[in-house]
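If you read the sequence shown in the numbering used here, its first letter stands for residue 7, the second for the next number, and so on.
Cβ atoms here follow ideal geometry from the backbone N, Cα and C, with glycine treated the same way.
Owing to the predicted nature of the structure, the values given are computational and were not obtained by experimental measurement.
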Amino acid sequence: MLEIIVTLPMVLPPTVLGYLLALQLGKNGVIGSLFYKLTGSGILFTWEAGVIASFVVSLPLMVKTTTAAISAVDKELEHVSYTLGNTKLGTALLITLPLSKKGIIAGMVLSFARSVGEFGATLMVAGNMPGKTNTMSLSIYQAFQTGQYDLANILVITLILMSFLSIYVTGKMADKLNS
């Protein structure tokens, strides 16, 4: 059941996910009411809501990739670690995580890329308030809608370069991990 809940944001339309998040982030929602009690202000239509939306949207990529990487670790190596006296935590830290690091890094890059491109759910919970809650993707949309094509081009090129750079750096990190 937990796997279905974690994977659901990957397949739900962004507006549906945004709507569900808006319900939870509103003052009567679980997260929103807790945030209001702690801070005295609402979270809906803030940059924090945008971060939460980006996190929720990208979480399935991180979880799926990390789970696959951990599952690929040879269980015999973990068993040997236990027979040598290591605890589950010790085995995870000394064997499982180091052998899974390429998959974990890949999940981080995929999650980052998905977050950078997030549009629908973020728009639903954070809005598009220039200087407050607008993201690069929302700014591209707004520039396109208002005929500011030079600005849209600059933002698009910036996102492409950021994406290229993150993939390149990840590849270099993976190469270092392999050597």
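- Counting only the Cα atoms, residue 66 lies some 28 Å from residue 93.
- Here the alpha carbons of residue 138 and residue 30 stand approximately 21 Å from one another.
- Within 10 angstroms of the beta-carbon of residue 135 lie fewer than 16 other beta-carbons, which makes it exposed.
- By the criterion of at least three beta-carbon pairs nearer than 8 Å, the segment 31-51 is not in contact with the segment 106-115.
- Looking at the backbone, the Cα of residue 149 and that of residue 158 are separated by about 5 Å.
- Burial state of residue 49 is buried, judged by a 10 Å Cβ sphere holding 16 or more other Cβ atoms.
- Per DSSP, reduced to three states, the secondary structure at residue 79 is coil, with no helix or strand assignment.
- Cβ-Cβ distances below 6 Å link residue 22 to nothing in the same chain once the five nearest sequence neighbours on each side are left out.
- CA-CA distance, residue 11 to residue 73, rounds to 15 Å.
- For the segment 39-127, not one full-length beta strand (DSSP E) segment reaches 3 residues or more.
- The alpha-carbon separation between residue 14 and residue 83 amounts to approximately 33 Å.
- Distance from the Cα of residue 28 is smallest, within the candidate group 44, 164, 51, for 51.
- By the neighbour-count criterion, in which a residue is buried when 16 or more other Cβ atoms sit within 10 angstroms of its Cβ, residue 101 is buried.
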